[in-house]
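These notes are about the structure you will find just below.
In the UniProt record's numbering, the protein residues as written are 1 to 117.
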């Protein structure tokens, strides 16, 4: 084999490896479209629990920052896991359908389903 042939084979092999690495490291946006669509349709799933008021503290009682109504004993509430802010369960569920962040601090609210982050 001549030097030119060896150089050409080496060059083609190097390009092949380079393109393979790029394809692995930077996947096409088209391949994620199905997953992104699935994530957008996924319901917002946040933990919910009945509100239990802590011992009476000085100041105003806790309130839902979305509807501004008081969080009453036994009312169903939800917590944003990233920041631990608490809201009425129905209020935060409706909010999270339109926005993917906490109304108070803008911490991300992730939708349900696998891989939806």
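Note that beta-carbon positions come from the ideal geometry of N, C-alpha and C, so glycine has one too.
Check                                                                                                    : Outcome
Proximity below 8 Å, CB of residue 51 to CB of residue 72                                                : yes
Enclosing alpha helix (DSSP H) for residue 10 [first to last residue]                                    : 3-25
Same chain, Cβ closer than 8 Å to residue 100, neighbours up to 5 away in sequence not counted           : 108, 109, 110, 111
Neighbourhood of residue 48 by C-beta, 7 Å cutoff - its chain only, sequence neighbours within 5 removed : 76, 77, 78, 89
Unbroken beta strand (DSSP E) run spanning residue 60, endpoints                                         : Neither: residue 60 is in no beta strand (DSSP E) and is coded neither H nor E.
Residues that residue 50 bridges to, as DSSP identifies them                                             : 76
From 86, 82, 44, residue whose alpha carbon lies closest to that of residue 63                           : 86
Residue 31 - DSSP class collapsed to helix/strand/coil                                                   : Legend: pLDDT at residue 31 = 49, less than 50; position of this residue unreliable, no value from coordinates given.
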